[in-house]
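Q: What follows is a structure written as structure tokens; I'll ask about it next.
Residue numbers (our numbering): 3 to 395.
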């Protein structure tokens with residue numbers, strides 16, 4: 003009788019230990035999923051959300067390689083993030099979405115062996131054979147939002163050489179579901195940003211068009227500002243923001259009358275005071291974009307002088323936002339080398355001298371040094387062999 007109770011007791015203890023282990027496993031998965039979700043929400047950019055989703059899943063599963071494919075508007079899948087392998091070609095990597103829909107791969111994540119994946123691709127995309135060497139093919143997790151497929155998260159072999167268990171797949175599906183929502187939100191945010199930008203870009207173009215002398219000015223300032231930012235070794239993402247700031251720096255001139263903008267002679271004090279308001283008006287116009295396009299300070303202060311004699315806030319030196327100091331030089335160089343209602347365009351050589359004369363007073367001297375060197379080296383937008391070219395953008 004005692005042996006029977008001992009055996010029963012051991013079985014119960016064993017079951018309790020298994021239940022405890024399973025509970026701990028689920029608690030760990032829940033906590034980890036929560037942390038991953040927090041990370042995904044905290045970073046607003048699409049690229050970073052894709053990388054976060056991929057790197058977290060690879061880390062949790064111990065995968066040697068991984069990739070994220072996203073659906074495009076023309077029903078193809080583009081390779082948007084990858085780790086642990088290198089595509090064999092730098093050409094665009096796309097796959098037809100129909101290939102996957104026809105095989106019900108969207109409905110559930112599953113282990114896919116390399117030969118199975120190869121069998122899916124070969125009949126439709128033989129030309130991509132050299133591009134899929136080493137592509138992660140052990141498990142593909144559909145990224146689905148409101149029953150609509152937006153892409154796949156793909157993982158390769160694991161470091162421990164084990165397969166992906168049912169529990170692993172369920173966990174990955176949970177994380178993929180969270181990632182899909184975060185990724186889709188980032189995509190929508192990018193689309194909204196582009197819509198807003200398109201509207202304001204149209205406004206910038208309309209303002210340039212009000213004066214035949216300033217046609218294309220905003221576009222040239224944008225390109226030159228981007229170049230200067232890169233000369234300063236600003237990272238690409240920030241340089242692109244500077245480019246947008248350069249494009250939108252004068253949108254506030256919508257509040258300035260054409261009579262003032264096109265006046266051939268000197269402005270009166272009243273007219274000049276009106277003109278000086280345009281940086282503030284520009285900043286006010288783009289303020290609704292500040293969460294997705296943080297460029298207000300560069301636009302607001304692009305008429306500040308390095309010695310403090312500028313406007314609207316009489317900032318000086320390093321107190322002027324570096325973005326604004328870049329746009330100031332780009333703006334003035336383009337203005338000097340373009341025809342105006344009150345004077346003909348200066349030569350490039352003359353404009354360089356004006357930049358040098360204004361270094362330390364109107365302009366950041368280091369930026370002037372970089373720009374003049376780039377112009378002399380033939381490495382600056384719209385300048386070729388000391389001459390201005392392609393002014394109409």
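All residues carry an ideal CB built from backbone N, CA and C; glycine is no exception.
For clarity, every value in this text was computed on a predicted model and none was experimentally measured.
1) Can you find the residues in the same chain that come closer than 8 Å, C-beta to C-beta, to residue 281, ignoring five residues on each side of it along the sequence?
2) Does the Cβ of residue 30 have 16 or more other Cβ atoms within 10 Å, making it buried, or fewer, making it exposed?
3) Does the pairing of the region 221-231 with the region 330-346 give three or more beta-carbon distances under 8 Å?
4) Where does residue 170 fall in DSSP's three states?
5) Indicate whether residue 332 and residue 218 have their beta-carbon atoms separated by less than 8 Å.
6) Would you report the Cα separation of residue 372 and residue 299, rounded to the nearest angstrom?
7) List in chain order: all unbroken beta strand (DSSP E) runs of 3+ residues lying wholly within the region 193-218.
8) Please state if the CB of residue 365 and the CB of residue 274 are separated by a distance shorter than 8 Å.
9) Against chain D, with Cβ distances strictly below 8 Å, would residue 376 count as a contact?
10) Does the separation of the CB atoms of residue 231 and residue 241 fall below 8 Å?
11) Identify, in the order they occur along the chain, each residue of the same chain with its Cβ nearer than 6 Å to the Cβ of residue 293, setting aside the five sequence neighbours on each side.
12) Roughly how many angstroms separate the alpha carbons of residue 399 and residue 345, rounded to a whole number?
13) Given a cut-off of 8 Å, decide if residue 278 and residue 343 are closer than it, judged by their beta-carbon atoms.
14) For the region 202-216 against the region 175-194, are there 3 or more C-beta pairs whose distance is under 8 Å?
15) What did DSSP end up calling residue 228 once you bin it into helix, strand or coil?
16) Relative to the C-alpha of residue 441, which residue among 256, 367, 213 is closest?
17) How is the beta strand (DSSP E) around residue 82 delimited, first residue to last?
18) Within the chosen definition, does the region 59-70 reach the region 154-164 through at least 3 CB pairs nearer than 8 Å?
19) Provide the residue(s) that pair with residue 72 in DSSP beta bridges, ordered along the chain.
20) At the level of alpha carbons, what is the spacing between residue 76 and residue 324?
21) Identify every residue that forms a DSSP beta bridge with residue 386.
22) Which residues in the same chain have their Cβ closer than 6 Å to the Cβ of residue 82, if we skip the five residues on either side of it in sequence?
23) Any chance you could list the alpha helix (DSSP H) runs of at least 4 consecutive residues sitting entirely within the region 254-292, in chain order?
24) My guess is that residue 227 and residue 244 are in contact by the Cβ rule of under 8 Å, so how many angstroms apart are they, rounded?
25) Determine the contact status of residue 246 and residue 297, defining contact as a CB-CB distance below 8 Å.
26) If you run the structure through DSSP and keep just helix, strand and coil, what is residue 66?
27) Going by DSSP in three states, residue 373 sits in which element: helix, strand or coil?
28) In chain order, what residues of the same chain lie with their CB nearer than 6 Å to the CB of residue 188, ignoring the 5 residues before and after it?
A: Based on what the coordinates show:
1) 251, 254, 301, 302, 303, 304, 305, 313, 314
2) Legend: pLDDT at residue 30 = 49, less than 50; position of this residue unreliable, no value from coordinates given.
3) yes
4) helix
5) no
6) 22 Å
7) none
8) no
9) Protein chains in the displayed structure number just one, and chain D is not present.
10) yes
11) none
12) Outside the displayed range of the chain (3 to 395) lies residue 399, so it cannot be described from this structure.
13) no
14) no
15) helix
16) The shown model of the chain, from 3 to 395, leaves out residue 441, and the question about it has no answer.
17) 78-85
18) yes
19) 80, 153
20) 41 Å
21) 389
22) 52, 70, 72
23) 260-263, 271-277, 280-288
24) 5 Å
25) yes
26) coil
27) helix
28) 48, 51
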